[in-house]
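Engineer: Numbering (our numbering), first residue to last: 20 to 97.
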């Protein structure tokens with residue numbers, strides 16, 4: 020029984036040490052691509068991450084004519 024407790028304690032200590040070593044690693048967000056996609060740097064490698072279950076607009080290209088007419092309309096109101 021003592022031998023079993025020693026082995027169990029040793030396994031617990033190893034598990035605790037390995038989890039605490041893993042928790043010290045950091046990840047850096049390089050940029051937000053759109054509402055649900057991130058570019059990150061992890062272990063000196065750049066990765067693209069998509070968030071599951073997030074309903075966010077995709078990156079869109081804005082029409083300059085629409086923006087100009089919108090700005091003119093806002094100027095008329097103000």
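Just so you know, even glycine gets a beta-carbon here, dropped at the ideal spot from N, CA and C.
1) Note down, in chain order, each residue of its chain lying with its Cβ closer than 7 Å to the Cβ of residue 58, except the 5 sequence neighbours on either side.
2) Ordered along the chain, which non-local residues of its own chain (more than five positions away) have a Cβ less than 7 Å from that of residue 55?
3) With H, G and I counted as helix, E and B as strand and the rest as coil, what does DSSP make of residue 91?
4) For residue 92 and residue 47, what's the separation of their Cα atoms in angstroms?
Structural biologist: In short, the structure shows the following:
1) As a first step, residue 58 is located in the chain shown; it is residue number 39 there, counting from the start. The residues are 49, 50, 52, 65, 67.
2) Taking the first residue of the chain shown as position 1, residue 55 is located at position 36. 69, 70, 73, 75.
3) As a working mapping, residue 91 is identified with position 72 in the chain shown. Helix, per DSSP.
4) Position 73 of the chain shown, counting from 1, holds the residue named residue 92. Position 28 of the chain shown, counting from 1, holds the residue named residue 47. One alpha carbon belongs to residue 92, the other to residue 47, and they sit about 41 Å apart.
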